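Colleague: My questions will all concern the structure given below.
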Amino acid sequence: MVSGLTRFYLKRGKMLNPWLLILPAFLVLLVFNIFPLIWSLGISFHRFSIIIRETPRYVGGLNYISMLTSPEAWDRLQRTGTFLFYSLLFQFGVALAVSLLMFEDFKGKRTLLTVFMIPLMIAPIASALFFRYMFDENLGPVNNFLESVLGIRILWFSNEMSPLGIPYSLLTVVMVETWIWTPFITFLLIAGISSIPSDLIEQSRVDSLKFCYKFRYMILPYIKPMLAIALIFRFMDALKTFDSIYVLTGGGPGSTTELISVYIYKLAFERWDFGSATAMSYLVLVIVIFMTNVFMRYVLEGERE
Amino acid sequence: MRDYRKATRFFKLRKYLKLGVLIAIVLVYLLPIYGMFNLAFRPRAEMFSGFFVLTQPTLENFVEAYEYGAYSAIVNSVIITVGGVGLALTLSVLASYAFSRFNVKGKNLLMFYILSTRMMPPITLIIPIFIMYYTIGLKGTYLGLILVYGMMALPLSVWMTKSFIDDVPKDIDEAAIIDGHSTMYILFKIVLPMVAPGVAASAAFAAITIWNEFLFALLLSGIDTKPTSVLLSSIRGERGFNWGRVAAIEVIYIIPIIILVFWLQKHMLRGLTFGTVRR
Amino acid sequence: MVSVKIDSVSKSFGNVQALKNVSLEIANGEFFAILGPSGCGKTTLLRIIAGLERPTKGRIFFDETDVTDVPAEIRDVSMVFQFYALYPTTVYNNIALPLKSRGLSPSQVHERVEEIAKLVGIENILNAHVDRISVADKQKVALARAIAKQPQLYLLDEPLTILDPVSRVIMRAELKRIQKELKQTIIYVTHDQIEALTLADRIAVMNFGVVEQVGTPLQVYDYPETVFVGWFLGEPGMNFIEANVEPDVLKISGKPVLREREVFEDLRSKGYERVLIGFRAEHVKISKTPSTYSNGKGVIEGVVRVVEFMGTYYVVDVESDGAEFKVKIDPRSFSSSSIKEGEKVWCTIPLDKILFFDPNNNRRINIGGSNG
Amino acid sequence: MKKALIVSEIVKKIRGKEVLKSVTFEVEKGQLLVLLGPPGSGKTTLLKIIAGLEKQDSGSIYINGEKVDDKPPYERKVSMVFETLALYSNMTVYENIASPMIAEKKPREIIDKKVKEIASILRIEHLLNRRADKLSGGERQRVAIARALAKEAEIYLLDEPFSNLDAKIRYALRTEFKKLKTMLGKTLVLATSDPLDALALGDIVVFIEKGVIIQKTQPVELYYKPIRLDISRYVTGRILNEVVLKKKTEGGKTIITSELDVVISESVLRDLQDIPVENIILTSHPDNTMIEKSIENCDGLKIRGRFLGYEYRGSEFLVFAEYKNHLFKALKYEKPLADFNEPVDVCIKREGLNFYDHETGSLLR
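Residue numbers (this note's numbering), protein chains in the order written: chain U, 1 to 305; chain B, 1001 to 1279; chain D, 2001 to 2372; chain W, 3001 to 3365.
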């Protein structure tokens, strides 16, 4: 089972099995990760609520069927889809712009990039709460600024349709998420750009190549893998958006900003219906795994040919 | 005799223009953080008078924040983070050395499993742990939170530490084996000192993840063990609350992170991508 | 076709001084080599000439114009890197992109690319992707791209070292032809002395950011100005042995070596008690029969320490109590003399092949017009 | 006298690919055996098997006549210098050299004495308390050798010790290494892909390619008369002159043809008579070849080509001529006078000629 450095000694002469080193970490994962996952898979096949003290009743795939057929669940999924589309569009757009602007080296580039990373690193709870202050409909500085300049006030947390075709409250959530996650994509793209061999960059400078050629023949091939990685990571995380929505709109008004993870949270800890909550979680997991493979195959295929 | 002056001037102009636009974007981007700091030092009187106004900075809000219980929330956050990182680090150092040096049969399976923890909607984990803690009385205790966060930070630190240990050529281990050293000597006296900065960086990343976490804390922490993220979220409910005090709490909450970010510049890429991408 | 003047250029990265006050003048149409070990600052100097790096101090002139502050994009210079730096696309695009960026019309671009491809001999692989062509062809594409732009200056950074011997010879002939036919100025950076000695009209030998000597291949090889140049050029490098100058004889660690009176007068008049004598390993005749000090020859008696077979020649490491030097012999005369380790030998060196160096500043001492 | 090292029928497969195919050779005490072969021929794997860092699939290793297959590395009295030098970069030079003795828990004073002694042999006393990652290429290389010597061992294994160093430093270190070897009298096995290492240092050279030992001989013989053409090409660094000849016998008369229109002298024709094979390749070194404007009597092969240029190597010139896209090289001690493309005569003298079978590449004469 073990090869490579088979001759490996704990004390002079005693053979050490590498699994001994892995065991402690594996135990903690077993108890607090693997076991709970199996348990929650079990729950998803039961009618179970901790509040009304009855013993869990086995109901087979009922939870899954009820979730798949409930218009409420589909509405939340569709809303999450729209959120995903707009947030990825904004995030990748700004990230591409910033990373291309940072193409040439200049003094202080590293510090500027680090400062740009701060929104990603601070707690989403803190930044979302401050956005709530900034976009406050009557006292917030954003509306004061808009009123003084354009003479209009926008109800950022209302159901009103914004020019983009989505309600303002959802637009605000998209903007907060974009503010938090754009640095992540920017950083990966810049990592892709910095993997371009330096003599190739210098050759393009000495050849005084037009920027469009530099982009198409030099930058794009090197950032393509990074775009793929960023897309996959962002897709996984976007489905788990919870903290900022909880503080910004609490899913409201009504259910306009109740994305899938907020919906599952409410199923579990407001309606105390653990069965459906776990079933819905596993359905979401299936979607994520399916979409990630599609991305991997599509993008890596593009990569290999 | 060729005249370069005109072309040079035009070239320089374009370069500084690009730089100007970039700096403008970054400044606008960081406006909210500036606003946060500005609001935190503003007296109550000037609360709603414009975004940039700061005539006489005061520490009023920080005092009120202290009375509001922010101090104990920060202390809780520190205890939970240090505990979680400590647990995750000790476990991951041993495991990542084994993963890096041996092609253990189950390695790829375990590696994929660790990556999948990022795919998994957290609720699937919280419900069973919530029930478990509820029944065995771990709910609302520091130990409970530290164990959960230890588990959460483990995948990140295992992968990141492994990527640093992979950078150390295997020949060094083999040279030490020929010298006759034991595994523990090689790990703790030779390999770890070489990757110390890397291990510190993975610890810092684990710390940031735990410090900022909200959902697990919301459900598993008790009244006197709730960290800052839960304290901030509870403010949502109150009507007409004092934004100055909120900004003060947020400032205390994010300063340690900003310090860590500047210290982590070099290893940022590894941290963000779980060690999968290294420059 | 431009002349290049490097006027006391210095460059430091942090506290590391890569270039220390370098001044060079490269004539128009000259094939000028910059030779030195890795890390001596030669590539940094090339990048400063190209405008990719700014000097900390000093100016760069193309003909009479000061181009120090002109960015690389505008200096109209062509560079060929050691690892060819090809854009990940077809051969045709690699040559055409710089021309298109310059605003040539598609037909002009096409015609120019065809012409240069034929010149360099890659006309049949124009549509191939650069990842799928041989190493020699990659270098030819890099060269074709450089020529197509018709720059005013060529800067080559070790372009031939990775080629196999056959294509290297052909590429050398190509470079020489470009220089002669197109009368282009070529600055060629390399750590391989054979490339420099073979191709260059003049060579600048550099070490630790300082230009040790500038001269023709012959001057630099046979009449090195400093100990470093003597040691660096030739394989094995020039031998250097300490000797003390006594009234009537030159001795190495007590043993008489040289009797030519006029040489001592000259040295003593210049106030040298101790001196470094330098001589090439291939100029030494080695034999097991003792020989006396006759006129016009230096004789050193010693013991053979090590014999190394290098294929086309043998290297014998001789030690004369404390002083060590090497002797280079062709295989045929080595086998006839059958020298073994540990044997006593007598080495004779013709006087005109011996150079004298000042032990304090390692610079060559001029003895009656003996330099080339 | 017991052999220092016996490697018998070692076979090793890595991920299904046979890296070593039944390798067998012996090393005398105090001898320096050079394992020469192109990169990827299994040299490093073989060294690691001898050291015990990797397990062979079959075959066994004897050190000082004693079988060591089941012994752990440090019990095999083997010491090794790795290609990457593998210094403990967070420790000082002193700690690196002392490491084997620390592992054997030797008393402080003995370690101190031994480290100082080895450091003086390798002239690195001034580096002892400098950190291992603050050293130059040559210094790192010496510290790695010092650490290997600090461990008493019967066999010292070196994997490409001079590989990533500047050419000049490589030459200097090679001479120093040869002096060190004669002074210490240890048994050494040196794996390298640089033919010059083998020629300059080897008491005996083993040529290995794709996991198979092809020839074990003296360096001079390996250079002038190897049993396989591809060895000759590898060892001489592709500087050989090669001419392909076809031999046909019709009606008792043998006709020699070559697409290079070669004029063959009488003596060579006589040599060719008793060669059984159809297609023959003749090879010769540049120092047995002449390229001049015109050559009257050439005892060997004569070809008319065009002058391509020369390489000025300081002490000699390597002259190039070309005919039908085939390159010829000759060593000359004064500057050639011909110009580019001028017709010249190439004469490959008979004395240095080797005859190889075109198909199998094996030596005929």
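The C-beta atom is built at its ideal place from N, Cα and C for all residues, glycine as well. Small disclaimer: the values here were computed from a predicted structure and weren't measured.
Quick one: what does DSSP say Ile1165 of chain B is sitting in, helix, strand or coil?
Modeller: helix
Colleague: Under 8 Å Cβ to Cβ from Ile2162 of chain D, same chain only, skipping five residues before and after it: list those, please.
Modeller: Answer for Ile2162 of chain D: Gln2082, Phe2083, Val2135, Gln2139, listed in chain order.
Colleague: In this structure, does DSSP put Trp2346 of chain D in helix, strand or coil?
Modeller: strand
Colleague: Does chain B have any CB closer than 8 Å to the CB of Val3078 of chain W?
Modeller: yes
Colleague: On the DSSP letters alone, give me the boundaries of the beta strand (DSSP E) that Ile3280 of chain W sits inside.
Modeller: 3279–3284
Colleague: Give a yes or no on whether 8 Å exceeds the smallest Cβ distance from Ser3221 of chain W to chain D.
Modeller: According to the sequence shown, residue 3221 of chain W is Glu rather than Ser. Answer no: the Cβ-Cβ gap between Glu3221 of chain W and chain D never drops below 8 Å.
Colleague: Going along the chain, which residues of the stretch 1190–1201 of chain B sit with their C-beta nearer than 7 Å to a C-beta in chain W?
Modeller: Ile1190, Pro1193, Met1194
Colleague: Compute the distance between the beta-carbons of Ala2085 of chain D and Leu200 of chain U, then report whether it is under 8 Å.
Modeller: In this structure, Leu200 of chain U lies closer than 8 Å to Ala2085 of chain D by Cβ.
Colleague: So which residues on chain U does Ile1208 of chain B lean against when the C-beta distance must stay under 7 Å?
Modeller: Met121
Colleague: Please classify Leu3229 of chain W: is it buried, with 16 or more other beta-carbons within 10 angstroms of its beta-carbon, or exposed?
Modeller: buried
Colleague: Put Glu3109 of chain W into one of helix, strand or coil per three-state DSSP.
Modeller: helix
Colleague: When you compare only the Cα positions, how much space is there between Gly3037 of chain W and Glu3209 of chain W?
Modeller: 6 Å
Colleague: Whole angstroms is fine: what's the gap from Phe1205 of chain B's alpha carbon to Ser1157 of chain B's?
Modeller: 8 Å
Colleague: Would you please state the rounded distance, in angstroms, between the beta carbons of Gly1244 of chain B and Met1047 of chain B? I believe it to be under 8 Å.
Modeller: Contact between Gly1244 of chain B and Met1047 of chain B holds: their C-beta atoms lie close to 6 Å from each other, under 8 Å.
Colleague: Could you check the C-alpha separation between Val2949 of chain W and Ala3172 of chain W for me, to the nearest Å?
Modeller: No answer is possible for residue 2949 of chain W: it lies beyond the span of chain W, which begins at 3001 and ends at 3365.
Colleague: Using the Cβ count rule (16 or more neighbours within 10 Å means buried), how would you classify Gln1265 of chain B?
Modeller: exposed
Colleague: Could you check the C-alpha separation between Lys1006 of chain B and Leu2182 of chain D for me, to the nearest Å?
Modeller: 29 Å
Colleague: Just curious, the beta strand (DSSP E) that Val3019 of chain W is in, first and last residue?
Modeller: 3017–3027
Colleague: Closer than 8 Å, CB to CB, is Tyr1016 of chain B near chain D or not?
Modeller: Not one chain D Cβ lies under 8 Å of Tyr1016 of chain B.
Colleague: Compare the C-alpha of Gly2029 of chain D against each of D:Glu2111, D:Ile2122, D:Gln2152, D:Ser2294 and name the closest.
Modeller: D:Gln2152
Colleague: Here's the rule I'm using: 16 or more other beta-carbon atoms within 10 Å means buried, otherwise exposed. How should Tyr3356 of chain W be labelled?
Modeller: buried
Colleague: Of all Cβ atoms in chain U, is any one closer than 8 Å to the Cβ of Arg1118 of chain B?
Modeller: yes
Colleague: Buried or exposed, going by whether 16 or more other CB atoms sit within 10 Å of the CB of Asn2093 of chain D?
Modeller: buried
Colleague: Going by beta carbon distance, what residues of the same chain come within less than 6 Å of Pro56 of chain U, once the five residues before and after it are set aside?
Modeller: His46, Phe48, listed in sequence order.
Colleague: Would a C-beta distance cut-off of 8 Å place Val2306 of chain D and Lys3168 of chain W closer than the cut-off?
Modeller: no
Colleague: Can you pull the chain U residues whose beta carbon is under 7 Å from the beta carbon of Ala1098 of chain B, in chain order?
Modeller: Pro18, Leu21, Ile22
Colleague: Got a sec: is the Cβ-Cβ distance from Glu3104 of chain W to anything in chain B below 8 Å?
Modeller: yes
Colleague: Got a sec, what are the start and stop residues for the alpha helix (DSSP H) Lys2180 of chain D sits in?
Modeller: 2165–2181
Colleague: In angstroms with no decimal places, state the Cα-to-Cα distance between Thr1058 of chain B and Tyr1029 of chain B.
Modeller: 26 Å
Colleague: Here's a check: name, in chain order, each residue in its chain whose Cβ is nearer than 6 Å to the Cβ of Glu3342 of chain W, leaving out the five neighbours to either side.
Modeller: Phe3307
Colleague: Just to make sure I have the definition right: I need the residues of chain U whose C-beta is within less than 9 Å of the C-beta of Gly1035 of chain B. Which are they?
Modeller: Phe130, Tyr133, Met134, Pro141
Colleague: On the CB-based measure, 16 or more other CB atoms within 10 Å of its CB, does Leu3190 of chain W come out buried or exposed?
Modeller: buried
Colleague: Who are the Cβ neighbours of Ile1079 of chain B in its own chain at under 7 Å, not counting the five residues just before and after it?
Modeller: Tyr1142
Colleague: For Cys2040 of chain D, is the classification buried or exposed, using 16 other Cβ atoms within 10 angstroms of its Cβ as the cut-off for buried?
Modeller: It counts as buried.
Colleague: Within 10 angstroms of the Cβ of Asp3197 of chain W, are there 16 or more other Cβ atoms? Answer buried if so, exposed if not.
Modeller: buried
Colleague: Closer than 7 Å by C-beta to Ser87 of chain U: which residues in its own chain qualify, once you throw out the five before and the five after it? Chain order, please.
Modeller: Val174, Glu177, Thr178, Ala238
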